[in-house]
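Numbering (our numbering), first residue to last: 737 to 1125. Where a beta carbon is used, it is the ideal one built from N, C-alpha and C, also for glycine. Worksheet for the structure shown next.
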Ligand code: DNO
């Protein structure tokens, strides 16, 4: 497996020389300043790659080459958007970058209600509280129909929280929920979010699947010709949210996607934290089932609660058996070696804010020390298992 590290480019407070000290070899990044739907120019890709290589790394994965909302909504003349996506892929391939992570979540990327929940013994983590989410949907956005999506205890807790919340608390909740979009674009206030949601009125899971299939038909053959792997990132959390359908949440969804374009160019980002937040998902089993299609792995853990809340646990704690998962990935790596294929790149996904991380203002979920701890623990598991093989 190739140890890699997500870097957000020059806006990231963590520098490439700092990342070098983690021991990771690969960089995972994107041209975050380019608006969704606009072609990534070859020169800009080359310049970013040169910067990464000068610091002693390879640019191993693009995360993400985002999909324009119009494609997800299946709206209007999409030919220019598909052609822009293919051109960006061709420009990346021309610069030697062949793995592209993306997601197909409508409107929002990952969603949390608290970016700095306290961890026992110090530090903070990202947390998804079902009552807070319910408070946001029902009391702040005014989506009464969301009452059907939560257990009664969560609804009661939501009402109680909202009653005592100050304006600053409410703003902090909105900020946390909107923080999943890493680029400079498409961040919403309440009015913008309502408008965005209205754009999905009438789009159910079946329609979203149709639109996804159309996207795959448009881009996977080109990716195959370029020798690339697109790898879809699962929904986070893996369930419908804000009334929006989600179609990359469990093994059945993944099976549908893999069959929709049965090509090695149509791959999977195995994100253990996203998939692990659904109690029905057995993450090592999902990894084993789709092993040959995994183009990239995000390794992290979550601890789930009965009401649908969860929080991000340390990498070897939480509900997912990380050792079992890594065993599956190493087995797949061994098969790839025999086929002359490169190993799977992975990154320590998220981390707690620990020690000097606190107050440093790095991207939510992406602190230096917390991820370094995660990487070191994962590296230990990999070394131990590799020794035994
Ligand atoms: C969160 C990330 C996601 C991921 C995108 C891929 O930390 O795993 O934001 O990058 O969903 O498109």
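Thinking C-beta only, is residue j closer than 9 Å to residue i?
{"i": "residue 843", "j": "residue 851", "result": "no"}
{"i": "residue 1048", "j": "residue 1099", "result": "no"}
{"i": "residue 945", "j": "residue 992", "result": "yes"}
{"i": "residue 803", "j": "residue 1032", "result": "no"}
{"i": "residue 1062", "j": "residue 967", "result": "no"}
{"i": "residue 1037", "j": "residue 975", "result": "no"}
{"i": "residue 848", "j": "residue 913", "result": "yes"}
{"i": "residue 963", "j": "residue 856", "result": "no"}
{"i": "residue 1052", "j": "residue 1114", "result": "yes"}
{"i": "residue 738", "j": "residue 1084", "result": "no"}
{"i": "residue 680", "j": "residue 763", "result": "Outside the modelled stretch of the chain, which goes from 737 to 1125, sits residue 680, for which no answer is possible."}
{"i": "residue 705", "j": "residue 1017", "result": "Because the chain in this structure spans residues 737 to 1125, residue 705 falls outside the shown range and cannot be described."}
{"i": "residue 990", "j": "residue 1026", "result": "yes"}
{"i": "residue 910", "j": "residue 926", "result": "yes"}
{"i": "residue 980", "j": "residue 948", "result": "no"}
{"i": "residue 1111", "j": "residue 758", "result": "yes"}
{"i": "residue 956", "j": "residue 995", "result": "no"}
{"i": "residue 1144", "j": "residue 1007", "result": "Nothing about residue 1144 can be read from this structure; the chain reaches only from 737 to 1125."}
{"i": "residue 886", "j": "residue 745", "result": "no"}
{"i": "residue 766", "j": "residue 819", "result": "no"}
Mind checking whether the beta-carbon of residue i lies closer than 8 Å to any heavy atom of the ligand DNO?
{"i": "residue 1012", "result": "no"}
{"i": "residue 989", "result": "no"}
{"i": "residue 747", "result": "no"}
{"i": "residue 1037", "result": "no"}
{"i": "residue 1054", "result": "no"}
{"i": "residue 846", "result": "yes"}
{"i": "residue 842", "result": "no"}
{"i": "residue 924", "result": "no"}
{"i": "residue 1007", "result": "yes"}
{"i": "residue 799", "result": "yes"}
{"i": "residue 802", "result": "yes"}
{"i": "residue 861", "result": "no"}
{"i": "residue 969", "result": "yes"}
{"i": "residue 1051", "result": "no"}
{"i": "residue 706", "result": "Because the chain in this structure spans residues 737 to 1125, residue 706 falls outside the shown range and cannot be described."}
{"i": "residue 768", "result": "no"}
{"i": "residue 821", "result": "no"}
{"i": "residue 1101", "result": "yes"}
{"i": "residue 699", "result": "The structure shown does not extend to residue 699, since the chain spans only 737 to 1125, so no value can be given for it."}
{"i": "residue 916", "result": "yes"}
{"i": "residue 1123", "result": "no"}
In three-state terms, what does DSSP make of residue i?
{"i": "residue 1082", "result": "strand"}
{"i": "residue 925", "result": "coil"}
{"i": "residue 744", "result": "coil"}
{"i": "residue 776", "result": "coil"}
{"i": "residue 1119", "result": "helix"}
{"i": "residue 836", "result": "strand"}
{"i": "residue 969", "result": "strand"}
{"i": "residue 864", "result": "strand"}
{"i": "residue 897", "result": "helix"}
{"i": "residue 1063", "result": "helix"}
{"i": "residue 986", "result": "coil"}
{"i": "residue 937", "result": "coil"}
{"i": "residue 769", "result": "coil"}
{"i": "residue 794", "result": "strand"}
{"i": "residue 760", "result": "coil"}
{"i": "residue 891", "result": "helix"}
{"i": "residue 957", "result": "helix"}
{"i": "residue 856", "result": "coil"}
{"i": "residue 1089", "result": "strand"}
{"i": "residue 750", "result": "coil"}
{"i": "residue 803", "result": "coil"}
{"i": "residue 976", "result": "coil"}
{"i": "residue 883", "result": "helix"}
{"i": "residue 944", "result": "helix"}
{"i": "residue 850", "result": "strand"}
{"i": "residue 831", "result": "coil"}
{"i": "residue 1068", "result": "helix"}
{"i": "residue 903", "result": "helix"}
{"i": "residue 811", "result": "coil"}
Contiguous alpha helix (DSSP H) assignments of at least 4 residues, all confined to the segment 998-1058
1008-1012, 1019-1025
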